[in-house]
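Residues in the sequence shown are numbered consecutively from 1, following UniProt numbering.
Each remark here refers to the structure printed beneath this line.
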Amino acid sequence: MAAPSLKKKSQNRKMEGGSKFNKESKKSFKSKKKDSNDVVPPEALALQLEDDVPDFPRGGGSSLSKREREEIRAEVDAEFEAEERVLMKRKKGKKLQNKSHSDPDELGSLFGDGLTGNLPRFANKITLKNISPGMKLWGVVAEVNEKDLVISLPWGLRGLVRSIDALDPVLGDGTEDIEGNLPSIFHVGQLVSCTVLQLDDDKKDNGKRKIWLSLHLSLLHKGFSLDAIQEGMVLTAYVKSIEDHGYILHFGLPSFMGFLPKNSQAESRHAEMKVGQLLQGIVRSIDKTRKVVYLSSEPDALSKCVMKDLKGISIDLLVPGMMVNARVQSTLENGIMLSFLTYFTGTVDVLHLQNAFPTSNWKDDYNNNKKVNARILFIDPSTRAVGLTLNQHLIHNNTPLMHVKVGDIYDSAKVVRVDKGLGLLLEIPSTPVSTPAYVSISDVAENEVGKLEKKFKEGSKIRVRILGYKHLEGLATGILKASAFEGTVFTHSDVKPGMIVRAKILAVDSFGAIVQFPGGVKALCPLRHMSEFEIAKPRKKFKVGAELVFRVLGCKSKRITVTHKKTLVKSKLAILSSYVDVTDGLITHGWITKIEKHGCFVHFYNGVQGFAPRSELGLEPGDDAGSVYHAGQVVKCRVLSSIPASHRINLSFMMKPTRVSEEAVKLGSVVAGVVEKVAPFGVVVYINAKGYMKGTISTEHLADHHDQASLLKSVLKPGYEFDQLLVLEAKRMEDDSLRM
Numbered sequence: 001m002a003a004p005s006l007k008k009k010s011q012n013r014k015m016e017g018g019s020k021f022n023k024e025s026k027k028s029f030k031s032k033k034k035d036s037n038d039v040v041p042p043e044a045l046a047l048q049l050e051d052d053v054p055d056f057p058r059g060g061g062s063s064l065s066k067r068e069r070e071e072i073r074a075e076v077d078a079e080f081e082a083e084e085r086v087l088m089k090r091k092k093g094k095k096l097q098n099k100s101h102s103d104p105d106e107l108g109s110l111f112g113d114g115l116t117g118n119l120p121r122f123a124n125k126i127t128l129k130n131i132s133p134g135m136k137l138w139g140v141v142a143e144v145n146e147k148d149l150v151i152s153l154p155w156g157l158r159g160l161v162r163s164i165d166a167l168d169p170v171l172g173d174g175t176e177d178i179e180g181n182l183p184s185i186f187h188v189g190q191l192v193s194c195t196v197l198q199l200d201d202d203k204k205d206n207g208k209r210k211i212w213l214s215l216h217l218s219l220l221h222k223g224f225s226l227d228a229i230q231e232g233m234v235l236t237a238y239v240k241s242i243e244d245h246g247y248i249l250h251f252g253l254p255s256f257m258g259f260l261p262k263n264s265q266a267e268s269r270h271a272e273m274k275v276g277q278l279l280q281g282i283v284r285s286i287d288k289t290r291k292v293v294y295l296s297s298e299p300d301a302l303s304k305c306v307m308k309d310l311k312g313i314s315i316d317l318l319v320p321g322m323m324v325n326a327r328v329q330s331t332l333e334n335g336i337m338l339s340f341l342t343y344f345t346g347t348v349d350v351l352h353l354q355n356a357f358p359t360s361n362w363k364d365d366y367n368n369n370k371k372v373n374a375r376i377l378f379i380d381p382s383t384r385a386v387g388l389t390l391n392q393h394l395i396h397n398n399t400p401l402m403h404v405k406v407g408d409i410y411d412s413a414k415v416v417r418v419d420k421g422l423g424l425l426l427e428i429p430s431t432p433v434s435t436p437a438y439v440s441i442s443d444v445a446e447n448e449v450g451k452l453e454k455k456f457k458e459g460s461k462i463r464v465r466i467l468g469y470k471h472l473e474g475l476a477t478g479i480l481k482a483s484a485f486e487g488t489v490f491t492h493s494d495v496k497p498g499m500i501v502r503a504k505i506l507a508v509d510s511f512g513a514i515v516q517f518p519g520g521v522k523a524l525c526p527l528r529h530m531s532e533f534e535i536a537k538p539r540k541k542f543k544v545g546a547e548l549v550f551r552v553l554g555c556k557s558k559r560i561t562v563t564h565k566k567t568l569v570k571s572k573l574a575i576l577s578s579y580v581d582v583t584d585g586l587i588t589h590g591w592i593t594k595i596e597k598h599g600c601f602v603h604f605y606n607g608v609q610g611f612a613p614r615s616e617l618g619l620e621p622g623d624d625a626g627s628v629y630h631a632g633q634v635v636k637c638r639v640l641s642s643i644p645a646s647h648r649i650n651l652s653f654m655m656k657p658t659r660v661s662e663e664a665v666k667l668g669s670v671v672a673g674v675v676e677k678v679a680p681f682g683v684v685v686y687i688n689a690k691g692y693m694k695g696t697i698s699t700e701h702l703a704d705h706h707d708q709a710s711l712l713k714s715v716l717k718p719g720y721e722f723d724q725l726l727v728l729e730a731k732r733m734e735d736d737s738l739r740m
């Protein structure tokens, strides 16, 4: 196929800067005869458009003589270098100004202006700017929820997998019972191959993009066929069914199926295999007549299995996690370029080199033509860009282990490498082994740092706090700012219900205010908790940028809520944040959430709630609870009784029980009462009479007939109100209650 002809210079520059990735998957091939005036720019060869890449690029020779080709190359190089000098003069000042603001996570995301000759300057890496649907990525399961999975992707990106996208629909009825139970199929730390479905703007998080992924093998194996499968290949499959002698496997394609015998050496490893579970296996034999692929799944063999060079292999057969024999082609500014499987090239970012602590002389370890084992990190079919990793944990098909926690402080972290204008690579003295960490230049100091190399020297020791963790790389992120070591809250795990915090107002809306703690953790102050009383215009009371004092209401699943109610913030009473901590007689503050005829529901911290019956509200005869109390009101409560296992707490708004005389309730009088609990011997009720007292209704007195009494008792629940109860006996008990 002929190489692209020369376009206008402006088009050359546009194409040079418009490519999302380096088009380096297949080696350049010889062009057919063309007019001598049709000069091929070197950047066009390096960034071949997808339409110009043939399916089989090995054929086709050039009719130009060697001398003619050399003259053309010299002419093009001279023209290109002249244009580049002009462009560099224009951009030099701007680049120098912006260099100190570069984000290491953005390095290499744009390649157009990074070409020198036919080779790129930077290694490919995935960012939110260049990720697109159809990409195939290697990832690690970071969270397993009932309805979705959180996947940690290369370079610290995070993606989401809905339950419907985690299990292939071809599996049929066998997955109906487990689609809502992903924890039974997936586990944290599991390596998975994903396909990007779409990207959405996250309206809840300042417009950040959400990456939606799929684990469907029908997408991952798109383009596979039985003829393309070879013995020795490593394939991923779903367990479709469990049989007596092995497992029937599904590859996401209807054209063939798989089988894993139970007599495999990994039988004990799959003792608890479940339908829908993902597994990897090595192709041992292929029955093309029955269209069955037989696999084995020994862990040691899997970790060492290398993809063989296959005749006419296409990019569709490349999948994330595949191990290949590679050869160093060249070193780049932030990584290396490798050639593999005869036809392909890919790049390795500096974060994915063999040594987890590469110094400034890391390039000395990668001489041209050096042979290495690499695993595929990502494939972009649209640009034919391939990313690779040399990380030794990943090479052995294992997830890097975490030896640090977010929020940990280390006083003697070693500076391994200083990247000018970008950041620092550190060695964290964690146990049992050290952990690599990277500190971006924006997290080095409160004020902008001009030259990192003057302030930090390789081998020096510094104090750092762990800010985050990139699971796939096994790389922590750190911060050196003095403010990061101040305050009590740095991560969500530092937040406790009831704690007092100072926070800055970030935004105010109709639903409440978004606030931020000094460590960067964000929380919500609901509208009802912005003030002691209901406010119609919250923006007048809460000014963006102001710092106020709050008390933490709850912190579940990284969702933190706080209150600014004065009574709660200044309360010196005990904090009730767990049903287990409830004790009879405990006095604490809570807030009314609902008012009903028979009493009030009161909430406390961390979702704990209780109920105060009408008889314990301190109302005068004839008073309506709704006219005395209102929803959102802070009240002082006393715990009467509790059943932690049932999450039930009975409360009183009266701090001390009133001692009453036996004449207060006379024998034969009629009173009202509210059910406190149903006991084997009868029903215990609160009596709506003068003072504080309880009453007991024996089971036989609930109705005229025994059967009706038993039936009524079975449906009674706490909070039910009796309008008329006849006092049969009034007797003083030790606990100041009266038995009826």
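Each residue gets a CB set at the ideal place from its N, CA and C atoms; glycine is no exception.
Exercise for the section: Output yes if chain D places a C-beta closer than 8 angstroms to the C-beta of Ser714; else output no. Expected result: Among the chains of the structure shown, chain D does not appear; only one protein chain is present.
Problem - Residue nearest to Leu128 in terms of C-alpha spacing, selected from Lys556, Ile164, Asp300 and Gly156 - result: Gly156
Practice task
Check whether the region 156-166 touches the region 330-341, taking contact to mean three or more Cβ pairs, one atom from each stretch, closer than 8 angstroms.
Solution key: no
Practice task
With distances taken Cα to Cα, identify the nearest neighbour of Gly719 among Tyr438, Phe122, Lys597 and Lys371.
Solution key: Lys597
Practice task
Let me know the secondary structure DSSP gives Lys136 once reduced to three states.
Solution key: strand
Exercise for the section: Sort out for me which residues DSSP pairs Leu425 with in a bridge. Expected result: Arg417 and Tyr438
Handout entry: Proximity of Ala612 and Leu651 at Cβ, strictly below 8 angstroms
Key = yes
Handout entry: CB of Gly423 within 8 angstroms of CB of Ser440, strictly
Key = yes
Exercise for the section: Just mark Lys558 as buried or exposed, buried being the case when its beta carbon has 16 or more other beta carbons within 10 Å. Expected result: exposed
Practice task
Please work out which residues of its chain come closer than 6 angstroms, Cβ to Cβ, to Gln724, disregarding the five sequence neighbours upstream and downstream, and give them in chain order.
Solution key: Val670
Practice task
Compare the Cα-Cα distances from Leu401 to each of His393, Ser442 and Asp168 and report the closest residue.
Solution key: His393
Problem - the region 598-617 contacting the region 639-653, beta-carbon criterion three pairs below 8 angstroms - result: yes
Exercise for the section: Check whether the Cβ atoms of Leu215 and Ala166 lie closer than 8 angstroms to each other. Expected result: yes
Handout entry: Reference Arg375; option with closest CA among Val406, Asn325 and Asn334
Key = Asn325
Exercise for the section: Only counting runs of 3 or more residues, tell me where the beta strand (DSSP E) segments fall wholly within the region 317-372, in order along the chain. Expected result: 323-332, 335-340 and 344-349
Handout entry: the region 474-484 touching the region 523-543, judged by at least three CB pairs closer than 8 angstroms
Key = no
Practice task
Assuming Gly407 contacts Arg465 (C-beta within less than 8 angstroms), just tell me the rounded distance between them.
Solution key: 7 angstroms
Practice task
Look at the alpha carbon of Asn181 and the alpha carbon of Glu146, and state the distance between them as a whole number of angstroms.
Solution key: 5 angstroms
Problem - Buried versus exposed call for Gln708 [16 or more other C-beta atoms within 10 Å across all chains shown] - result: exposed
Problem - Span of the alpha helix (DSSP H) around Gln392 - result: Gln392 to Ile395
Handout entry: Rounded distance between the beta-carbons of Val328 and Asn369, thought under 8 angstroms
Key = 6 angstroms
Handout entry: Where Thr567 falls: helix, strand or coil (DSSP)
Key = helix
Problem - Lys594 CB to nearest heavy atom of the ligand PLP below 7 angstroms - result: For the ligand PLP, the structure offers nothing, since it holds no ligand at all.
Handout entry: Inter-stretch contact (C-beta, 8 angstroms, three-pair minimum) for the region 245-258 and the region 343-356
Key = no
Handout entry: Enclosing alpha helix (DSSP H) for Gln609 [first to last residue]
Key = Where Gln609 is concerned, there is no enclosing alpha helix (DSSP H), although the beta strand (DSSP E) it sits in stretches over Gln609 to Pro613.
Handout entry: Backbone CA spacing between Leu548 and Ile505 [nearest angstrom]
Key = 8 angstroms
Practice task
Look up Thr477 in the DSSP assignment and give the residues it is bridged to.
Solution key: Tyr438 and Gly468
Practice task
Using three-state DSSP, classify Pro400 as helix, strand or coil.
Solution key: coil
Exercise for the section: In the DSSP assignment, find the beta strand (DSSP E) that holds His589 and state where it starts and stops. Expected result: Ile587 to Glu596
Practice task
Provide the residue span of the alpha helix (DSSP H) that contains Ser652, from first to last.
Solution key: Counting along the chain, Ser652 falls outside any alpha helix (DSSP H), though it belongs to the beta strand (DSSP E) covering Arg648 to Ser652.
Problem - Residue nearest to Asp287 in terms of C-alpha spacing, selected from Ile229, Asp244 and Thr331 - result: Ile229
Handout entry: Nearest-angstrom beta carbon gap, Ser296 and Gln280 [assumed within contact, 8 angstroms]
Key = With a Cβ gap of about 10 angstroms, Gln280 and Ser296 do not count as contacting.
Problem - Cα-Cα separation between Val508 and Lys656, rounded to whole angstroms - result: 41 angstroms
Practice task
With Ser163 as the anchor, note down where its alpha helix (DSSP H) starts and where it stops.
Solution key: Ser163 to Ala166
Practice task
Report yes or no: do the region 380-394 and the region 435-453 share at least 3 C-beta pairs separated by less than 8 angstroms?
Solution key: no
Exercise for the section: Mark Val234 as exposed unless 16 or more other C-beta atoms lie within 10 angstroms of its C-beta, in which case mark it buried. Expected result: buried
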